[in-house]
Amino acid sequence: MIKHLKLKKVLFISALMASVSVAAQTVDLAINPNVLSPDLNSCDLDQESLTVILVNTSAFPYSGTLEMGYKINAGSPVTYNETINLTPGPTYTYTFPNPIDFSGCQVYDMSVWVHEVNDIDNNNDTINFQITSDCSSATATISTSDNCYSSGDTLYLNNYYGNITTWEESGDNGVNWTTTATSNNWFLPSNGTPNLVRVTIDSPYGICGPDIILFNAPYDNFLIGVNAGNDTTVFINDSLHLNGSGGTNFTWYPGYNMTDSTISDPWVWPGSTTLYYLESSDGGCTGLDSILITVIDNSGTSEHPDNKLLIPNPISPSQSYLKIIGIENYPNNQLFIFNLNGQLVYSASPYLNQLNTSSLAPGNYVYILDLNKENQFFRGKITVVR
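304 is the number of the first residue of the sequence shown in our numbering; add one for each residue after it.
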């Protein structure tokens with residue numbers, strides 16, 4: 304009896320050890336060599352996600368916590384723990400939690416692995432591959448040493464990646480080009496005063512393709528970047544805040560009806576339509592730009608630019624209604640009249656000369672007339688006189 308019990312105990316322990324041994328041999332996780340992201344050959348990579356595929360190659364389902372890791376260019380390992388359930392056959396897509404900076408224009412040597420303590424085959428746990436991050440030169444610029452462009456200046460290419468293959472120059476706005484094969488990042492035009500120059504750059508790894516950087520060369524001591532602002536329209540007696548830029552020394556002309564003609568941003572109140580010029584200099588280099596200010600005279604009976612619309616000002620006691628000549632040509636118009644406190648005192652849609660002026664107290668008002676046609680609207684001042 305005692306021997307029989309001992310035999311059963313020995314058989315039970317042996318069976319338990321055998322099951323543990325089998326369980327320890329049933330885990331075989333592998334990484335598929337196909338990397339999902341990023342693309343292994345890419346242009347202008349930045350902060351990118353690293354995504355790989357796990358496969359359970361054993362005959363039994365897996366449920367547990369494993370280690371995912373990678374390192375770049377033999378650097379320090381980066382590891383994360385991941386709890387997964389993975390049946391045999393189907394794949395598990397794993398994306399590392401934090402994006403990786405691949406913005407350097409270079410080839411990255413990558414090693415990615417999965418580690419599970421009971422994995423029976425370590426030969427398929429790691430993949431090694433390369434990511435080629437190519438860089439374009441789309442933001443490269445061409446300039447001179449002092450940003451002042453004159454005949455005989457040497458041009459320089461800035462902020463580019465890769466290899467320069469050709470410089471080209473044209474004296475007839477791009478109809479004909481003279482090509483110079485060179486890898487220099489500088490270029491001295493051969494004909495002295497081309498109006499266009501361009502350079503072709505091959506990317507470092509040939510993935511991004513060649514970039515062509517075009518330079519408009521306004522020679523004769525011309526400073527690039529002077530800007531007087533966009534053309535605009537104002538009403539007579541209105542003021543406008545100019546906002547010029549480029550260079551360090553400024554001169555506006557004509558300089559009358561202006562707070563200060565020697566600063567970049569004076570106030571101006573032109574009495575009639577005026578073309579203002581802004582001349583700016585920097586280190587002996589001069590630039591010029593202009594802005595056209597169209598002035599609409601709405602004192603008395605004024606004519607708007609479309610030659611069809613006349614608005615009276617001031618409104619005298621003899622005028623019982625605010626009569627806008629030509630308003631019948633704009634049946635979808637809207638009229639708004641505000642007092643000087645910004646309060647709306649009258650509106651009509653459409654306005655067909657129906658405002659009895661006796662409803663307005665004597666004083667100054669601002670009107671907005673929206674013609675609802677090709678974005679035409681007008682703003683001005685009217686005065687009611689009693």
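Yeah, the Cβ is synthetic: ideal placement off N, Cα and C, and Gly gets one too.
For residue i, collect the residues of the same chain with a Cβ closer than 8 Å to its Cβ; drop the 5 residues on either side in sequence, then sort them by chain order.
| i | result |
| --- | --- |
| F680 | I671, L672, D673 and L674 |
| N533 | I594 |
| V648 | I640, F641, N642, L663 and Y668 |
| N656 | Y624, L625, K626, I627 and I630 |
May I have the straight-line CA-CA distance separating residue i from residue j, to the nearest angstrom?
| i | j | result |
| --- | --- | --- |
| A767 | P391 | A question about residue 767 goes unanswered here, because the residues of the chain that appear run from 304 up to 689. |
| V687 | N644 | 16 Å |
| K374 | L339 | 17 Å |
| N427 | S506 | 35 Å |
| G372 | G477 | 54 Å |
| Q622 | Y559 | 37 Å |
| I539 | N667 | 15 Å |
| P393 | T482 | 58 Å |
| M561 | Y580 | 13 Å |
| F730 | T457 | Given a span of 304 to 689 for the chain in the structure shown, any question on residue 730 remains unanswerable. |
| N376 | F405 | 12 Å |
| Y291 | T485 | An answer regarding residue 291 cannot be provided, because it is not within the stretch 304 to 689 covered by the chain. |
| D514 | T565 | 41 Å |
| V325 | D422 | Per-residue confidence for V325 stands at a pLDDT of 37, beneath the threshold of 50, marking its modelled position as unreliable; no derived number is given. |
| D563 | T551 | 15 Å |
| Q328 | S352 | Note that Q328 scores 43 on pLDDT, short of 50, meaning its location in the model is unreliable and no value can be drawn from it. |
| K676 | I510 | 50 Å |
| W572 | I599 | 12 Å |
| N632 | I504 | 58 Å |
| T469 | S493 | 14 Å |
| P760 | V420 | The structure shown does not extend to residue 760, since the chain spans only 304 to 689, so no value can be given for it. |
| L658 | G574 | 30 Å |
| I387 | G512 | 42 Å |
| Y459 | Q646 | 58 Å |
Closer than 7 Å by C-beta to residue i: which residues in its own chain qualify, once you throw out the five before and the five after it? Chain order, please.
| i | result |
| --- | --- |
| Y508 | T435 and D437 |
| N461 | A443, T444 and S446 |
| N384 | T368 and E370 |
| P569 | L545, W555, M561, T562 and D563 |
| T660 | I618, Q622, S623, Y624, L625 and V687 |
| L491 | T457 |
Whose C-alpha, out of the options, is nearest the C-alpha of residue i?
| i | options | result |
| --- | --- | --- |
| S652 | N635, D568 and I630 | N635 |
| V537 | S440, T551 and L595 | L595 |
| P402 | Y383, V417 and Q350 | Q350 |
| V502 | I445, G629, T597 and I599 | I445 |
| V500 | G512, G474 and N488 | G474 |
| C408 | P380, S366, S345 and E419 | S345 |
| H418 | R682, P380 and I630 | P380 |
| N431 | W416, V420 and L655 | W416 |
| P683 | Y624, I614, N656 and L655 | As written in the sequence, residue 683 is Gly, which differs from the Pro given in the question. Measuring from the Cα of G683, the nearest candidate turns out to be I614. |
| V330 | S366, P341, T354 and V571 | S366 |
| T354 | A362, I387, P400 and S361 | P400 |
| G455 | I599, I685 and W489 | W489 |
| S414 | T382, V420 and N498 | T382 |
| P665 | I685, G574, S361 and T597 | I685 |
| N337 | W572, A362 and T429 | T429 |
| D585 | I387, Y452, P341 and D424 | Y452 |
| T360 | N425, L491, S493 and T386 | N425 |
| T535 | I387, T597 and S493 | T597 |
Along the chain, where does the beta strand (DSSP E) that runs through residue i open and close?
| i | result |
| --- | --- |
| G666 | G666 to D673 |
| T354 | T354 to N359 |
| F432 | T429 to D437 |
| Q254 | In the structure as shown, the chain begins at 304 and stops at 689. Residue 254 is therefore absent and cannot be evaluated. |
| E472 | N466 to S473 |
| K374 | Y365 to I375 |
| F399 | Run containing F399: none; DSSP gives neither H nor E here. |
| I596 | C588 to I599 |
| V502 | L499 to D505 |
| E385 | V381 to L389 |
| E631 | Per DSSP, E631 belongs to no beta strand (DSSP E) and is neither H nor E. |
| E582 | T577 to D585 |
| T483 | T481 to A484 |
| K676 | First-last for K676: undefined, no H or E at that position. |
How about residue i and residue j: do their beta carbons lie closer than 8 Å?
| i | j | result |
| --- | --- | --- |
| S448 | I516 | no |
| Q433 | L348 | no |
| Y395 | L389 | yes |
| V654 | L638 | Reading the sequence as shown, one finds Tyr at residue 654 and not Val. In this structure, L638 lies closer than 8 Å to Y654 by Cβ. |
| S567 | F553 | yes |
| T577 | P557 | yes |
| I467 | N487 | yes |
In chain order, what residues of the same chain have a beta carbon less than 6 Å from the beta carbon of residue i, not counting five sequence neighbours either side?
| i | result |
| --- | --- |
| N335 | I356 and V358 |
| A531 | G547, L581, D592, S593 and I594 |
| W480 | E471 and S473 |
| P364 | T390 |
| Y411 | I375 and I434 |
| S650 | F639 |
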